[in-house]
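Top to bottom, those sequences are chains A and B.
The numbering used here applies: residue 1 is where the first sequence begins, and numbers increase by one.
The numbering used here applies: residue 1 is where the second sequence begins, and numbers increase by one.
For every residue, glycine included, the Cβ atom is placed at its ideal position computed from N, Cα and C.
Given the structure is predicted, the values throughout are model-derived calculations rather than measurements.
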Amino acid sequence: MNWTAIWVTCKLASLTSMALLVIGLPIAYWLTFSKWRWKFLVESIVALPLVLPPTVLGFYILVAIGPHSPLGRFYSDIVGQTLPFSFQGLLVASILYSLPFAVQPFATAFEQVDRKLIEASWTLGLSKTKTFFKLIVPLSAAGLITGAVLSFAHTLGEFGVVLMVGGNIEGVTRTVSIDIYDDVQALNYSGAANTALFLLIVSYAVLLFIYAMNRKVWAVWPQK
Amino acid sequence: MAAEIAIDITKTFSGRAPISAMMRYPLQQATSLVLFGPSGSGKTTVLRSIAGLEWPERGSIRFISRTWLDTQAGIRVAPQHRQIGYMAQDYALFPTHTVAGNIAYGLGALSFAERQKRVDEVVELFQLRGLEAAKPRELSGGQQQRVALARAVAPRPQLLLLDEPLSALDVPTRMQLRSELRRLLKHLALPSIIVTHDWAETLSLGDMVAVMHEGQVLQLGVPQDVFCRPVNAAVAQIVGVETVIEGHVIEQADGVATVRVNGTLLKGLGVHEIGSPVFVCIRGEDVVLEQGGTGLTSARNHLNGKVSEIVPHGVMVQMKIDCGFPLVALVTRGAQEELKIERGSSVVAVIKAGAVHLVPRT
Chain A
1 MNWTAIWVTC KLASLTSMAL LVIGLPIAYW LTFSKWRWKF LVESIVALPL VLPPTVLGFY
61 ILVAIGPHSP LGRFYSDIVG QTLPFSFQGL LVASILYSLP FAVQPFATAF EQVDRKLIEA
121 SWTLGLSKTK TFFKLIVPLS AAGLITGAVL SFAHTLGEFG VVLMVGGNIE GVTRTVSIDI
181 YDDVQALNYS GAANTALFLL IVSYAVLLFI YAMNRKVWAV WPQK
Chain B
1 MAAEIAIDIT KTFSGRAPIS AMMRYPLQQA TSLVLFGPSG SGKTTVLRSI AGLEWPERGS
61 IRFISRTWLD TQAGIRVAPQ HRQIGYMAQD YALFPTHTVA GNIAYGLGAL SFAERQKRVD
121 EVVELFQLRG LEAAKPRELS GGQQQRVALA RAVAPRPQLL LLDEPLSALD VPTRMQLRSE
181 LRRLLKHLAL PSIIVTHDWA ETLSLGDMVA VMHEGQVLQL GVPQDVFCRP VNAAVAQIVG
241 VETVIEGHVI EQADGVATVR VNGTLLKGLG VHEIGSPVFV CIRGEDVVLE QGGTGLTSAR
301 NHLNGKVSEI VPHGVMVQMK IDCGFPLVAL VTRGAQEELK IERGSSVVAV IKAGAVHLVP
361 RT
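Rendered as structure tokens:
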């Protein structure tokens with residue numbers, strides 16, 4: 001088994017998951033509580049990675065972070081290296097790719113928090129931010145964990161985006177799913193079988209955890 | 001500036017009569033104003049607007065010297081900054097917090113020691129000793145109500161807002177907690193605004209009542225006045241209790257209380273302490289009129305009186321009878337003709353004990 005690939009994959013998935021907790025919570029909060037009438041425009045954008053082929057998403061990300069885009073130039077001016085085919089670039093792509101897998105469970109959990117409890121907190125003098133951390137987060141803990149774990153699991157198995165944005169650099173951007181593909185191409189079936197089994201077991205364990213925690217049918221297939 | 005609350009707001013909901021409430025009412029310590037009306041009359045919307053949980057499209061809300069809302073001047077004070085205690089109909093206790101945690105929730109500005117002390121005081125006052133570590137779901141309805149009220153008053157608000165404080169309770173608990181709530185409100189010396197659709201609660205809890213109907217305040221006054229002297233037919237219809245008079249319980253036997261009202265004795269159902277003041281409430285339609293004192297009936301109250309006023313009231317006739325106190329009876333026109341009742345006629349008013357409602361007035 002290619003432990004380097006496993007290490008890269010786990011690192012990528014953990015960082016993606018953590019980043020999505022930071023980025024996804026405010027987005028989900030806004031999607032749940034905003035009364036803006038054009039909110040559905042943003043909702044649709046967040047859900048796009050669910051339906052787009054990874055190659056399309058990967059292509060646009062590659063263009064967006066490439067040296068010819070303002071974003072890519074800004075990054076290379078500051079950091080001194082370019083984003084495409086680097087671990088950082090792969091991380092950005094993973095975050096975007098897994099965004100709905102985090103945001104949708106978050107938003108569903110927030111929606112299930114009784115509005116009256118939030119109002120009670122406000123009348124007791126707690127600001128919206130304090131109410132969020134003291135009341136809404138504990139009440140939607142299961143949904144937040146579900147979102148984090150789902151985005152972790154989803155990143156573990158991503159293939160197309162990794163190939164497009166990360167390239168296939170050993171120890172940097174070669175993830176487990178690409179390693180399996182390479183093994184098969186090289187007719188190394190036993191190596192592929194080992195890695196595939198590993199990924200199967202990990203994915204199953206993650207889903208077991210989520211289902212056991214939520215005991216609800218919807219947990220894996222984000223619904224709105 | 002006078003201590004008062006002035007409300008003038010308009011809020012529209014699709015498919016419903018717009019709420020356009022206007023009232024101005026002086027505040028003293030421990031005064032409770034009851035917003036009374038049928039469901040859908042807009043009383044909860046008014047209360048929520050005062051709390052800052054609902055934003056009227058137009059209007060203003062002023063409390064003492066502060067402006068909480070003024071749509072013209074663009075002032076919108078958030079609920080966090082209004083220093084109010086608000087209790088929702090189903091209490092909205094935080095399921096993740098214990099009783100003590102719920103009470104301490106709004107005390108974040110205090111130091112740890114002060115917070116402990118305040119929680120302790122409130123626990124004592126609301127008789128929650130021993131339940132501090134319990135979660136809300138382990139409590140009875142009455143206990144939940146006390147925790148919710150304790151949580152609302154713990155930060156020492158300037159105004160207490162209660163939305164149907166007793167409606168989530170079963171009937172026996174409700175009766176018991178009604179007097180308890182009244183005592184607590186007096187003890188807290190806090191002005192309060194209470195929403196209810198129950199006329200007995202209005203009489204029992206309110207120093208003032210605002211009768212609401214279809215989004216408007218129809219009458220504002222002392223409950224007894226509003227009940228006995230409604231300004232128009234709509235208020236009379238909503239209230240439905242034409243006779244409200246003060247009395248004292250003088251005897252209590254077998255679940256029947258004897259009450260003295262201006263020298264007249266009346267029997268009503270219920271268990272009350274002897275000597276305690278009560279409101280005697282009688283609906284006009286529950287009063288039967290007889291000519292002369294004829295035979296025995298099962299009704300416990302037979303009052304001799306003279307008709308002092310006859311007012312047509314739709315298909316009915318409303319009669320005021322002087323029987324030691326003014327009593328209102330509603331009879332049909334046919335009955336009036338058959339009994340040949342005119343102004344000055346002597347009649348016997350017959351009322352079953354069950355129709356004589358006694359509302360404690362502490």
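Exercise. Beta strand (DSSP E) containing G85 of chain B: first to last residue?
Worked result: 84 to 87
Exercise. Taking 7 Å as the line, does the beta carbon of T98 of chain B fall inside it for any heavy atom of the ligand FMN?
Worked result: In the structure on display, the ligand FMN does not appear, and there are no ligands present to speak of.
For this session: Indicate whether at least one CB of chain B lies closer than 8 Å to the CB of S177 of chain A.
Result: no
Exercise. Helix or strand or just coil, what does DSSP make of F126 of chain B?
Worked result: coil
Exercise. For K128 of chain A, which three-state DSSP category applies?
Worked result: helix
Exercise. In chain B, which residues lie less than 8 Å from E158 of chain A when you measure between Cβ atoms?
Worked result: Here the premise fails: no neighbours, minimum Cβ distance about 35 Å.
For this session: Count the CB pairs spanning the stretch 67 to 80 of chain B and the stretch 85 to 102 of chain A that are closer than 8 Å, and state whether there are at least three.
Result: no
Exercise. Within 8 Å (strictly less), CB to CB, does A102 of chain A reach chain B?
Worked result: no
Exercise. For the beta strand (DSSP E) that contains A19 of chain A, what are its first and last residues?
Worked result: Where A19 of chain A is concerned, there is no enclosing beta strand (DSSP E), although the alpha helix (DSSP H) it sits in stretches over 3 to 33.
Problem set entry | Reference L159 of chain B; option with closest CA among B:Y105, B:R183, B:I84, B:I250 | B:I84
For this session: Measure how close the beta-carbons of V347 of chain B and L289 of chain B come, nearest whole angstrom, since I'm counting them as under 8 Å.
Result: 5 Å
Exercise. With a CB to CB cut of under 6 Å and the five nearest residues on each side skipped, what residues in its chain are close to D207 of chain B?
Worked result: T31, S32
Exercise. Does any C-beta atom of chain B lie closer than 8 Å to the C-beta of A142 of chain A?
Worked result: no
Problem set entry | Test: K116 of chain A CB closer than 8 Å to a CB of chain B | yes
For this session: Could you check what DSSP says for N214 of chain A in three-state terms: helix, strand or coil?
Result: helix
For this session: Examine chain A for any beta-carbon lying closer than 8 Å to the beta-carbon of P191 of chain B, and answer yes or no.
Result: no
Exercise. Relative to the C-alpha of T175 of chain A, which residue among A:I23, A:A19, A:N188, A:A196 is closest?
Worked result: A:A196
Exercise. What residue from B:E57, B:H302, B:P165 has the CA that sits closest to A353 of chain B's CA?
Worked result: B:H302
Problem set entry | Span separating the alpha-carbon of Q224 of chain B from that of Q252 of chain B | 25 Å
Exercise. Listing by chain order, which chain B residues have their CB less than 9 Å from the CB of L139 of chain A?
Worked result: F94, P95, T96
For this session: From the DSSP output, in three-state form, read off V172 of chain A for me.
Result: coil
Exercise. Does any CB atom of chain B fall closer than 8 Å to the CB of F209 of chain A?
Worked result: no
For this session: Could I get the ranges of all uninterrupted alpha helix (DSSP H) runs contained in the stretch 227 to 276 of chain B, with 4 residues as the minimum, in chain order?
Result: 233 to 239
Exercise. Between E242 of chain B and G305 of chain B, which are expected to be in contact by the criterion C-beta below 8 Å, what is the C-beta distance as a whole number of angstroms?
Worked result: Rounded, the Cβ-Cβ distance is 15 Å, inconsistent with contact.
For this session: Show which residues of chain A have a CB atom less than 8 Å away from the CB atom of I84 of chain B.
Result: T123
Exercise. Interface residues of chain B around E119 of chain A at Cβ under 9 Å?
Worked result: R48, A51, L53, P79, Y86, A88, A92
For this session: Go through its chain and collect everything with a Cβ distance to Y204 of chain A's Cβ below 8 Å, but skip five positions before and after it.
Result: none
Exercise. M164 of chain A: buried (16+ other C-beta within 10 angstroms of its C-beta) or exposed?
Worked result: buried
Exercise. Going by Cα to Cα distance, which pick from B:V99, B:W55, B:V122, B:M316 is closest to A134 of chain B?
Worked result: B:V99
Exercise. In terms of residues, what are the limits of the alpha helix (DSSP H) holding D242 of chain A?
Worked result: It is not possible to answer for residue 242 of chain A, since the shown part of chain A is limited to 1 through 224.
Problem set entry | Three CB pairs or more closer than 8 Å across the stretch 232 to 239 of chain B and the stretch 324 to 343 of chain B | no
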